[in-house]
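Visitor: Quick note: the sequence shown uses the UniProt record's numbering, first residue 1, plus one each step.
Idealized CB from N, CA, C, for every residue including glycine.
In this text the structure is predicted, and so the values were computed from the model without any measurement.
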Amino acid sequence: MLSFENVCFSYGEAKALDGVSLALKKGELLTLLGPSGCGKTTTLQIAGGFLFPDSGRVMLDGRDVSALPPEKRPTATVFQSHALFPHMSVEENVAYGLRVRGTPRAERLRRAAEMLERVGLDGYLKSRVQDLSGGQQQRVALARALILNPRVLLLDEPLSSLDARLRVRMRAEIRSLQKAFGITALYVTHDQEEALSISDRVALMQGGRLVQVGTPEEVYFSPHGDFAADFIGDAFPVTLEGRRQLLRPDQIVVAADGPLVGTLVSRAFLGASTDWVIDWQGQTLRASVPSAAEPAREIGGEVRFAILPSRDRNA
Ligand code: ADP
Ligand code: MG
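(1) CA-CA distance, Ser81 and Gln130?
(2) Count the other CB atoms within 10 Å of the CB of Arg248; is the residue buried (16 or more) or exposed (fewer)?
(3) Please classify Ala315 as buried or exposed, where buried requires at least 16 other C-beta atoms within 10 Å of its C-beta.
(4) Under 6 Å from any heavy atom of the ligand ADP, by CB: list those residues in chain order, please.
(5) Of the residues Leu246, Arg209, Arg304, which one's Cα is nearest the Cα of Phe9?
(6) So, helix, strand or coil for Pro290, using DSSP?
(7) Using beta-carbon positions only, say whether Asp200 and Thr215 come within less than 9 Å of one another.
(8) May I ask whether a heavy atom of the ligand MG can be found less than 8 Å away from the beta carbon of Glu241?
(9) Taking only heavy atoms of the ligand MG into account, decide whether any of them is closer than 8 Å to the Cβ of Asp54.
(10) If I follow the unbroken beta strand (DSSP E) through Leu24, where does it start and stop?
(11) In the DSSP assignment, find the alpha helix (DSSP H) that holds Phe269 and state where it starts and stops.
(12) Enumerate, from N- to C-terminal direction, the unbroken alpha helix (DSSP H) stretches of 4 or more residues contained entirely within the segment 126 to 186.
(13) First and last residue of the beta strand (DSSP E) that includes Leu51?
(14) Using the three-state DSSP reduction, which class does Thr42 fall into: helix, strand or coil?
(15) Say the cut is 8 Å; is the CB of Asp156 nearer than that to a heavy atom of the ligand MG?
(16) In this structure, does DSSP put Pro237 in helix, strand or coil?
(17) Select from Val202, Ile252, Leu166 the residue whose C-alpha is nearest the C-alpha of Val289.
(18) Could you name the residues that DSSP lists as bridge partners for Ala14?
Quick look at the structure:
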């Protein structure tokens, strides 16, 4: 399908990608995940033909497309900003790519109507895009990309302009559309929860390199190294029985009959859960305590707890 073979790219002197190799399987949604500046957008732009590798290759369906411009590639991109045309109607926005390709008017309007129905926007053909909600605009952006029948759909932080609640709803919607269309997708986000929830596989990036590629469960439960453990699961290091381990806050279970005793250092109420910082024999632990079951504890007071074993599949 789509693959990167040892791709390197620099902006002038600044190296942005340092030997990226990655292969997407047909029909899968693979997410590039990593902190800001790690090279996600650069990778996506190289896939879409907006940038060209300094070295290495991009292959699509067995063909070297490294030097092809966007309009010559069977890819379509949904950008962070959606980049909809505010002066055009919804159907004109969706039909735009077909117009550029010279598709006759009657056919492109028919296909735009069909696509808008598939994304749940029938009835909005003549609406102006600025009159739509954020979620509806998101669906127009998807329809505009999908109408081109791309082999690979590229999405760069498509939900980042939406509020938190809508983001959660739209990620489920993007996922179900991607599956319904059976389309191969390369998705970019810096949000680990979004990546875990939407993906068949996650490719974790740091400093222009891939750190780990695997299913959401693999990268969560068997992180390759401290960066992966911390970025994906908020892990912290602890020495247990003389061995350094990484634990996650949900492995510290506060319970009246817990075998271990520590001191509550601080707590932060987050809504559904409350984060506790516990001092235990000079080590700092973090616990995620369900707020509904949170025991009343004074800062500086005694805390009893247990440590759940790691679910590391490789352990
Ligand atoms: P991400 O999408 O993961 O935030 P980018 O791919 O946008 O990361 O950027 C990777 C690196 O390249 C960063 O260090 C960034 O500052 C740099 N960079 C991105 N775009 C440009 C540009 N147009 N000119 C110079 N440096 C850039
Ligand atoms: Mg980016």
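Guide: Walking through what the data contain:
(1) 13 Å
(2) buried
(3) Note that Ala315 scores 44 on pLDDT, short of 50, meaning its location in the model is unreliable and no value can be drawn from it.
(4) Tyr11, Ala14, Ala16, Gly34, Ser36, Gly37, Cys38, Gly39, Lys40, Thr41, Thr42
(5) Per the Cα distances, Arg209.
(6) Strand, per DSSP.
(7) yes
(8) no
(9) Not so, every heavy atom of the ligand MG lies at least 8 Å from the Cβ.
(10) Looking at the DSSP string, Leu24 is not in any beta strand (DSSP E), and its letter there is neither H nor E.
(11) Where Phe269 is concerned, there is no enclosing alpha helix (DSSP H), although the beta strand (DSSP E) it sits in stretches over 260 to 269.
(12) 134 to 146, 164 to 181
(13) Leu51 -> no beta strand (DSSP E), and no H or E assigned at all.
(14) helix
(15) yes
(16) strand
(17) Ile252
(18) Tyr11
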